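Shown next, in structure tokens, is the structure this report addresses.
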Amino acid sequence: MMRRALIAAVIVVTCGWTSARAADAAFTQFIASLWPEAQAEGVSRKTFDEQTRGLEPDYKLPDLILPGRPALGAPSQAEFVQVPADYVKEASIARLAGEGQRLLQKYRASLSEIEKKSGVPATVMLAIWGRETDYGRYTLPYDLVSVLATQAYVGRRKEQYRTEFILALKILGEGVVTRKDMRSSWAGATGLTQFLPSEYYKHGVDFDGDGRIDIWHSVPDALASAAQQLVNKGWQSGVRWAYEVQAPAKVDCTTGVPEVTKPIGQWLREGFVPVRGQKLSAAEQAQPASLLQPEGIYGPSFLTTKNYFVIKEYNFSDLYVLFVGHLADRMTSPLPFATPWAASKQLRTRDVETMQRGLTRVGLYKDKIDGKAGMQTRAALGAYQKSAGLKVDCWPSEEVLRSIQAAR
Numbered sequence: 000m001m002r003r004a005l006i007a008a009v010i011v012v013t014c015g016w017t018s019a020r021a022a023d024a025a026f027t028q029f030i031a032s033l034w035p036e037a038q039a040e041g042v043s044r045k046t047f048d049e050q051t052r053g054l055e056p057d058y059k060l061p062d063l064i065l066p067g068r069p070a071l072g073a074p075s076q077a078e079f080v081q082v083p084a085d086y087v088k089e090a091s092i093a094r095l096a097g098e099g100q101r102l103l104q105k106y107r108a109s110l111s112e113i114e115k116k117s118g119v120p121a122t123v124m125l126a127i128w129g130r131e132t133d134y135g136r137y138t139l140p141y142d143l144v145s146v147l148a149t150q151a152y153v154g155r156r157k158e159q160y161r162t163e164f165i166l167a168l169k170i171l172g173e174g175v176v177t178r179k180d181m182r183s184s185w186a187g188a189t190g191l192t193q194f195l196p197s198e199y200y201k202h203g204v205d206f207d208g209d210g211r212i213d214i215w216h217s218v219p220d221a222l223a224s225a226a227q228q229l230v231n232k233g234w235q236s237g238v239r240w241a242y243e244v245q246a247p248a249k250v251d252c253t254t255g256v257p258e259v260t261k262p263i264g265q266w267l268r269e270g271f272v273p274v275r276g277q278k279l280s281a282a283e284q285a286q287p288a289s290l291l292q293p294e295g296i297y298g299p300s301f302l303t304t305k306n307y308f309v310i311k312e313y314n315f316s317d318l319y320v321l322f323v324g325h326l327a328d329r330m331t332s333p334l335p336f337a338t339p340w341a342a343s344k345q346l347r348t349r350d351v352e353t354m355q356r357g358l359t360r361v362g363l364y365k366d367k368i369d370g371k372a373g374m375q376t377r378a379a380l381g382a383y384q385k386s387a388g389l390k391v392d393c394w395p396s397e398e399v400l401r402s403i404q405a406a407r
């Protein structure tokens with residue numbers, strides 16, 4: 000009995016070891032197959048061999064498709080698993096704003112010139128840097144080359160990461176940064192202001208004029224590159240990112256989607272009031288804007304401009320934009336949001352998914368089923384609440400969940 004158990008254990012270990020070796024061999028073969036593409040991109044054989052020799056996949060990364068492992072999507076961004084008050088924390092904003100004020104002075108000459116050329120406010124550039132890497136203090140946890148190679152091999156977006164991997168090798172071959180300093184997030188963003196390699200080549204700026212685009216060590220290069228990315232995505236000079244407003248008592252929260260856009264002046268005529276009582280110029284009132292209510296009718300309301308959505312292209316999340324925009328404002332004004340967050344509680348992800356499926360079934364929701372209470376989900380919830388005779392607050396709740404389940 001003992002002998003049979005021992006033999007079985009040896010077989011299991013041997014099979015596992017053989018399987019692992021086969022998997023590693025397949026990975027090595029896959030990487031080798033990328034050489035023609037790398038060569039076409041200008042990567043030298045020397046660089047390719049040096050950077051891929053001994054390279055191993057990191058199967059602990061998220062967003063991979065592996066045999067025997069459930070298909071896991073990208074990990075939820077913090078704003079999707081926390082209520083807004085937990086993401087846009089006053090303590091974090093205040094700390095980063097204070098440091099940002101110091102950096103405004105330290106890099107004043109460079110920031111002024113970048114702002115003059117790009118039209119992007121210095122405070123917005125600094126806010127992105129602060130949010131992305133805590134002004135360079137945050138140590139990114141992953142080796143970029145390993146991340147991109149793994150994602151290209153078994154990730155959900157293989158083709159995208161195949162290109163990013165080759166471009167990372169190209170950067171290394173140009174000698175701008177060492178492999179040791181080329182740290183990244185799990186998704187392959189690197190540098191002080193978090194660029195993918197393709198973004199580095201699309202938006203990178205050698206602002207300090209040393210002949211290299213160094214977003215890892217040169218603060219002026221990193222900030223100018225962040226500003227250039229915003230410009231390339233449509234940044235409008237002289238336009239705010241958003242205006243905090245007091246919504247009218249009978250606000251229709253189902254209009255809080257990008258598809259509903261009106262001149263700011265029209266929103267004001269409908270009863271929305273700037274929270275600080277400021278008078279907006281004719282040019283400001285002519286700007287198109289959309290309504291954003293991150294907690295439905297609870298918490299702050301905002302009229303978001305074109306530049307709001309430009310920042311959102313930098314990182315596709317509404318609370319990221321609120322964090323960056325508010326942090327930028329706080330570098331020149333000590334005032335927090337006029338309306339406090341209402342500390343709303345989201346339901347469990349699977350409950351929100353249930354609501355999304357129910358809303359899809361009745362034709363009110365056409366976006367992805369992801370368990371997140373984003374803009375489209377909130378608007379669809381509000382539309383359902385109207386049809387069901389419930390209080391219309393555009394926010395997921397147990398009451399709405401029960402109603403949707405009962406309507407099957």
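The sequence shown runs 0 to 407 under numbering that gives the first Met the number 0. Glycine included, every Cβ here is placed at the ideal spot set by N, Cα and C. Here the structure is a predicted model, which is why all the values come from computation and not from measurement.
What distance in whole Å lies between the Cβ atoms of residue j and residue i, which are believed to be in contact at a cut-off of 8 Å?
{"i": "THR189", "j": "ARG182", "result": "7 Å"}
{"i": "THR376", "j": "ASP366", "result": "7 Å"}
{"i": "ARG178", "j": "GLN50", "result": "7 Å"}
{"i": "VAL410", "j": "GLY237", "result": "The question about residue 410 has no answer, for the chain in this structure spans 0 to 407."}
{"i": "TRP215", "j": "VAL176", "result": "5 Å"}
Give the secondary structure of residue i by DSSP, where H, G and I count as helix, E and B as strand, and everything else as coil.
{"i": "ILE368", "result": "coil"}
{"i": "ARG401", "result": "helix"}
{"i": "ARG377", "result": "helix"}
{"i": "GLY276", "result": "coil"}
{"i": "SER332", "result": "coil"}
{"i": "ARG182", "result": "strand"}
{"i": "GLN142", "result": "A small correction: the amino acid at residue 142 is Asp; Gln does not occupy that position in the sequence shown. Looking at ASP142 - three-state DSSP - the assignment turns out to be strand."}
{"i": "PRO35", "result": "helix"}
{"i": "THR260", "result": "strand"}
{"i": "ALA246", "result": "coil"}
{"i": "PRO293", "result": "strand"}
{"i": "PHE315", "result": "coil"}
{"i": "SER197", "result": "helix"}
{"i": "ALA288", "result": "strand"}
{"i": "CYS393", "result": "coil"}
Tell me which residues share the same chain as residue i and place their Cβ nearer than 6 Å to its Cβ, disregarding the 5 neighbours each side in the sequence.
{"i": "ASP209", "result": "none"}
{"i": "ARG260", "result": "Correcting the residue identity first, residue 260 is Thr in this sequence and not Arg. PRO287, SER289."}
{"i": "GLY270", "result": "PRO247"}
{"i": "GLN292", "result": "CYS252, GLY255, SER300"}
{"i": "GLY149", "result": "Note that residue 149 is Thr in the sequence shown, not Gly. Around THR149: PRO56, ASP57, LEU60."}
{"i": "SER224", "result": "HIS202, GLY203, VAL204, ILE214"}
Among the residues of its own chain, which have a CB less than 8 Å from the CB of residue i, if the five just before and after it don't count?
{"i": "SER197", "result": "THR162, GLU163, LEU166"}
{"i": "LEU103", "result": "LEU110, ALA121, THR122, LEU125, MET330"}
{"i": "ILE368", "result": "GLU352, GLN355, ARG356, THR359"}
{"i": "ALA31", "result": "THR51"}
{"i": "GLU89", "result": "PRO335"}
In whole angstroms, what is the alpha-carbon distance linking residue i and residue j?
{"i": "ARG347", "j": "PRO333", "result": "35 Å"}
{"i": "PRO66", "j": "SER43", "result": "34 Å"}
{"i": "GLU408", "j": "PRO273", "result": "There is no way to answer for residue 408, as the model of the chain reaches only from 0 to 407."}
{"i": "ALA37", "j": "ASP213", "result": "21 Å"}
{"i": "TYR307", "j": "TYR141", "result": "30 Å"}
{"i": "GLY357", "j": "TYR160", "result": "35 Å"}
{"i": "ALA226", "j": "VAL320", "result": "15 Å"}
{"i": "GLN404", "j": "GLY118", "result": "50 Å"}
{"i": "THR132", "j": "LEU229", "result": "18 Å"}
{"i": "ALA372", "j": "VAL82", "result": "10 Å"}
{"i": "LYS116", "j": "PRO219", "result": "13 Å"}
{"i": "PHE26", "j": "ARG155", "result": "16 Å"}
{"i": "ALA151", "j": "GLU312", "result": "23 Å"}
So, for residue i: in the same chain, excluding its five sequence neighbours on each side, which residues have a beta-carbon less than 7 Å away from its beta-carbon?
{"i": "ARG349", "result": "GLY370"}
{"i": "LEU168", "result": "ALA37, VAL42, THR46, PHE47, GLN50"}
{"i": "THR303", "result": "ALA241, ALA288, SER289, LEU291"}
{"i": "GLY295", "result": "CYS252, ARG377, ASP392, CYS393, TRP394"}
{"i": "LEU195", "result": "GLU163, GLY187, ALA188"}
### Query
At a cut of 8 Å, does the stretch 126 to 144 reach the stretch 326 to 335 through at least three beta carbon pairs?
Proximity of the stretch 126 to 144 to the stretch 326 to 335 meets the contact definition, three or more beta-carbon pairs being nearer than 8 Å.
### Task
Count the CB pairs spanning the stretch 200 to 207 and the stretch 129 to 147 that are closer than 8 Å, and state whether there are at least three.
Using a C-beta cut-off of 8 Å, the stretch 200 to 207 makes no contact with the stretch 129 to 147, since fewer than three inter-stretch Cβ pairs fall below that distance.
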